[in-house]
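Student: This structure is in structure tokens; I'll ask about it shortly.
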Amino acid sequence: MSSIGSLTPGVRDDLSTLVTAQSLQQHTEWVSQAPSAIPGLLKSAGYTLVVPVMSPSGTGGQGYVARRGDQIVISFRGSKGDDEVETILNVLADIDARRVEPVAVMPDVHGALAHEGFYREYQSFQSAVRAATAASPGVQVFVTGHSLGSSIATHCAVDLALAQDRPVTLICSGTPRVGNQVYADQALAAAGGAALRIVLNRDPVPRLPPHGSDKRGFWHIRSLVCLEGDGTPTPLSKINGNAFTVHSEHESTKFHARAAYKTALDGLVAAATQNPKVLSAAWGQAPFLAAGDAEARSVEGLI
């Protein structure tokens, strides 16, 4: 079993954040296991469950809140089939996704719209997560998820940052777009800038739901590290926005698997540890996309 490295709060352009992302990716694997297996997996890495594994009925989702020392990790799985082609194709088909005002998450932000399904899924976890973290006001909070689980994680991080007025570090992989531009911008601000998306270049899911330029179109939070399958940072000019049309359905969805993300992050951390240029290449994407200029907006439409 993979070891879990140290977790460093916040998002900064150094190796510690990449190591944190690598460690949190392991949590996305653990949360996808049977509920009975999760306590033992966490214990082997020094974690204890704060509350029992959360598996809301009727959702297919799963989550846990685990503590190690002065740190809490909240990890979500959005579906029993996050790695399965069928699940991913269902996401791809959800092109007419409705958006609702996320009142319980951002009550003071006018015009913030979110994917209804993703938001309602988080609501099934919300009370348990809030109670678990409120009982530990001084600890560092990390929130993570893969695929549909990352959409729940995004809502969770925003909710905790606002409702409990605390810093939250959000690092996710294979994330679909969660809300409109107002929501995306406010989500990053609510997390104090401590938000990061890890994306494999040919993963089709981050292109969904479809991007739009009007106030109801879907947008991502802006901090991004885009990688090739071996962990090589993808130059911004090489980001492929046509993954699902260029490749067959099965071929393109294999780039969405948790195992593919783990391989890429392991490769990135190993290379960045040996070569500072790799570190610079990885972090060269994030501030660029946060700048909001015309080219950054064109990349947003791709990934």
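According to the numbering used here, numbering within the sequence shown proceeds without interruption in unit steps and concludes at 286.
A virtual CB, placed ideally from N, CA and C, is assigned to each residue, including glycine.
(1) Pick out whichever of Asp186, Leu207, Leu179 has its Cα sitting closest to the Cα of Thr236.
(2) Tell me, please, whether the stretch -15 to -4 touches the stretch 144 to 160 by the rule of three or more beta-carbon pairs shorter than 8 Å.
(3) Can you have a look at Pro189 and say buried or exposed, based on whether 16 or more other CB atoms are within 10 angstroms of its CB?
(4) With 8 Å set as the bound, which would you pick, yes or no: does the beta-carbon of Gln8 sit closer than that to a beta-carbon of chain D?
(5) Assuming contact is defined by CB atoms lying nearer than 8 Å, are Leu24 and Gln16 in contact in what I supplied?
(6) So, Gly157 versus Tyr244, is the Cβ gap smaller than 8 Å?
(7) Can you name the start and end residues of the beta strand (DSSP E) that Ser19 belongs to?
(8) The alpha helix (DSSP H) that contains Gln109, what's its start and end?
(9) Terminal residues of the continuous beta strand (DSSP E) containing Ser156?
(10) If you follow the alpha helix (DSSP H) that Ala255 is in, where does it begin and where does it stop?
(11) Between Leu(-2) and the rest of its own chain, which residues show a CB-CB distance below 8 Å, the 5 nearest in sequence each way excluded?
(12) Sort out for me which residues DSSP pairs His129 with in a bridge.
(13) Going by DSSP, what residue range makes up the alpha helix (DSSP H) through Tyr166?
(14) Would you decide whether Asp53 is buried or exposed? Buried here means 16 or more other CB atoms lie within 10 Å of its CB.
(15) For Ala226, which residues of its own chain have a beta-carbon under 8 Å away from its beta-carbon, when the five flanking residues on both sides are left out?
(16) Looking only at its own chain, which residues have a Cβ that is under 8 Å from the Cβ of Arg113, when we skip the five neighbours before and after it?
(17) Whole angstroms are fine: how far does the CA of Thr31 sit from the CA of Ile181?
(18) In three-state terms, what does DSSP make of Ser(-1)?
(19) May I have the straight-line CA-CA distance separating Ala264 from Ala247, to the nearest angstrom?
(20) Nearest CA to the CA of Arg205: which residue from Gln106, Glu211, Ala174, Pro216?
(21) Which class does Ala178 belong to by DSSP, given the choice of helix, strand or coil?
(22) Measuring alpha carbon to alpha carbon, tell me which of Ala115, Leu(-10), Ala167 ends up nearest Met89.
(23) Ala97 and Val161 - do their beta-carbons sit closer together than 8 Å?
(24) Can you give me the Cβ contacts of Phe108 inside the same chain, cut-off strictly under 6 Å, excluding the 5 residues immediately before and after it?
(25) For Ala118, is the classification buried or exposed, using 16 other Cβ atoms within 10 angstroms of its Cβ as the cut-off for buried?
(26) Would you report the Cα separation of Ser110 and Pro259, rounded to the nearest angstrom?
(27) Can you tell me where the beta strand (DSSP E) with Gln147 in it begins and where it stops?
(28) Alpha carbon to alpha carbon, how far is Pro159 from His129?
(29) Distance check for Gln169 and Val92, CA to CA, integer angstroms please.
(30) In whole angstroms, give me the CA-to-CA distance for Asp213 and Gly250.
(31) Of all the options Phe59, Arg50, Val34, which has the alpha carbon lying nearest to the alpha carbon of Gly291?
Tutor: According to the structure data:
(1) Of all alpha-carbon atoms in Asp186, Leu207, Leu179, the one lying nearest the alpha-carbon of Thr236 is that of Asp186.
(2) yes
(3) Its Cβ being crowded by 16 or more others within 10 Å, Pro189 is buried.
(4) The question asks about chain D, but that chain is absent: this structure has only one protein chain.
(5) yes
(6) yes
(7) Looking at the DSSP string, Ser19 is not in any beta strand (DSSP E), and its letter there is neither H nor E.
(8) Element bounds for Gln109: 99 to 117.
(9) 151 to 156
(10) 241 to 257
(11) Val252, Ala255, Thr256, Leu262
(12) Arg60, Ser156
(13) 164 to 173
(14) Exposed.
(15) Summary for Ala226: the model assigns pLDDT 49, below 50, so the residue's position carries little reliability; its value from the coordinates is reported in the next sentence. Closer than 8 Å at the Cβ level, and outside the excluded window around Ala226, lie Asn184, Arg185, Asp186, Pro187, Arg190, Ser235, Phe238.
(16) Close CB contacts of Arg113 within its chain, under the 8 Å cut and outside five residues either way in sequence, are with Asp142, Leu143, Ala146, Gln147 (chain order).
(17) Cα-Cα distance, rounded: 26 Å.
(18) helix
(19) Rounded to the nearest whole angstrom, the CA to CA distance from Ala264 to Ala247 is 15 Å.
(20) Nearest C-alpha to Arg205: Ala174.
(21) strand
(22) Ala167
(23) yes
(24) Met37, Gly46
(25) exposed
(26) 43 Å
(27) No beta strand (DSSP E) contains Gln147, which DSSP labels as neither H nor E.
(28) 10 Å
(29) Approximately 8 Å between the Cα atoms of the pair.
(30) 6 Å
(31) Because residue 291 is not part of the residues shown, which for the chain are -16 to 286, the question remains open.
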